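Visitor:
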Amino acid sequence: MADAALFEFLHTEMVAELWAHHSDPGPGVSAGSRGGEEARAAPLGSAGGGSTGQKMSLSVLEGMGFRVGQALGERLPQETLAFREELDVLKFLCKDLWVAVFQKQMDSLRTNHQGTYVLQDNSFPLLIRMASGLQYLEEAPKFLAFTCGLLRGTLSTLGIKSLVTASVASLPTCE
Amino acid sequence: MSRQANRGTESKKMSSELFTLTYGALVTQLCKDYENDEDVNKQLDKIVFSHFLPRGYNIGVRLIEDFLARSNVGRCHDFRETADVIAKVAFKMYLGITPSITNWSPAGDEFSLILENNPLVDFVELPDNHSSLIYSNLLCGVLRGALEMVQMAVEAKFVQDTLKGDGVTEIRMRFIRRIEDNLPAGEE
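Here the protein sequences line up with chains R and F, keeping their order.
As numbered in the working numbering, the first sequence has no gaps in its residue numbers, which increase by one up to the final residue, 1408.
As numbered in the working numbering, the second sequence has no gaps in its residue numbers, which increase by one up to the final residue, 198.
1. Residues of chain R with CB closer than 7 Å to the CB of F/R154, please, in chain order.
2. Are the CB atoms of F/I69 and R/L1243 within a distance shorter than 8 Å?
3. Could you tell me whether the segment 1315-1335 of chain R touches the segment 1385-1395 of chain R, where touching means 3 or more Cβ pairs closer than 8 Å?
4. Compare the C-beta of F/V178 with all C-beta atoms of chain R and state if any pair is closer than 8 Å.
5. List the endpoints of the continuous alpha helix (DSSP H) containing R/R1385.
6. Smallest Cα separation from R/E1295: which of F/E126, F/Q39, F/F62?
7. What three-state label does DSSP hand R/E1241 in the structure shown?
8. Quick check on DSSP: helix, strand or coil for F/A117?
9. Let's test the definition: count the other Cβ atoms within 10 Å of the Cβ of F/K42 and tell me whether it reaches 16, buried, or not, exposed.
10. CA-CA distance, F/R154 and F/V71?
11. Report yes or no: is there a C-beta of chain R within less than 8 Å of the C-beta of F/A166?
12. Could you give the distance in angstroms between the alpha-carbon of F/G66 and the alpha-carbon of F/W114?
13. Going by DSSP, which residues form a beta bridge with F/F168?
14. Pull the bridge partners of F/S122 from the DSSP assignment, please.
15. Taking only beta-carbon positions, decide if F/F29 is within less than 8 Å of chain R.
16. Contact check, F/S110 vs F/I124 under 8 Å by CB: the rounded distance?
17. What do you get for R/V1397, buried or exposed, if any count of 16 or more other CB atoms within 10 angstroms of its CB means buried?
18. What three-state label does DSSP hand R/Q1353 in the structure shown?
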């Protein structure tokens, strides 16, 4: 059984590794406005990575999370595969999956009953060590991409196509 | 695998799978990233290899603090004691396995850790074209980084690997020197 700290450190290194690797400015870097989903400023540590590189590493991280989520989904306890309702699946993610991955439950789950769900974690473990407040806000998306993929991958194993995005209003809370 | 009804073990098992799978995804990704048409695999593995040592090293540097805080292990007086702590306490705490210690050199500055099963490679098959890839090289980096923080310069490398068809996985540890504390000028 691998310790939770190990995953946390590995995740940090993973973000750093891919960031270093993809942050060479891609062609056609525009200074136009970009969506709120990606980091809005070049990370301080990198040599001014272009937005293309950043988008790419975010999607790479997300893709890796997706693969891991899929594999985890395949290893779930059998009874979970008998879910009938979408809501049950989401409840399962909030409770069991979150406990397995982050040793805590999701803090809240809201839905508009049209297939959109908002899962909120008020102290997201991968952000908790960074800061509380707004200090490193633009770094946060890097640390969420993998987890978005993780959720998407698990859902896809359970037969649900989804689009998972994350937003952080203030560390360490994330949606 | 028997399924325990117990939720606790379930989630523990899952968190270790999470780590294993995540590491696998990372290695896969790097292999993809560096695969140029011209790249011979030797080269590729060297790159992945050279990327993981420093990464593992960084993890080790941080892990040692977590370890010391949680394990109440004091300072080791010799390399044998260090070996015991690594195998019996650290590996157990973080990976849930206890490697055996063998092959001490006469001088007592080298030993081997024998891992019966390496949790990092639970779901791994090495494709033929990556036969020289040292998959679990991260571990060596972790060991090196962690020991450096307690003033020991060591060298860690894989000499046997079950992924390559060896019977066991063997990490060879060599003590290089003790790192002297650099006292700030003016302090005795």
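Ideal Cβ positions, reconstructed from N, Cα and C, are used throughout, including at glycine.
Just so you know, these numbers come straight off a predicted model, no measurement behind them.
Guide: In short:
1. Within 7 Å Cβ-Cβ: nothing; F/R154 doesn't reach chain R, min ~14 Å.
2. yes
3. yes
4. no
5. 1373-1390
6. F/Q39
7. helix
8. coil
9. exposed
10. 8 Å
11. no
12. 25 Å
13. F/I181
14. F/T112, F/R182
15. yes
16. 5 Å
17. buried
18. strand
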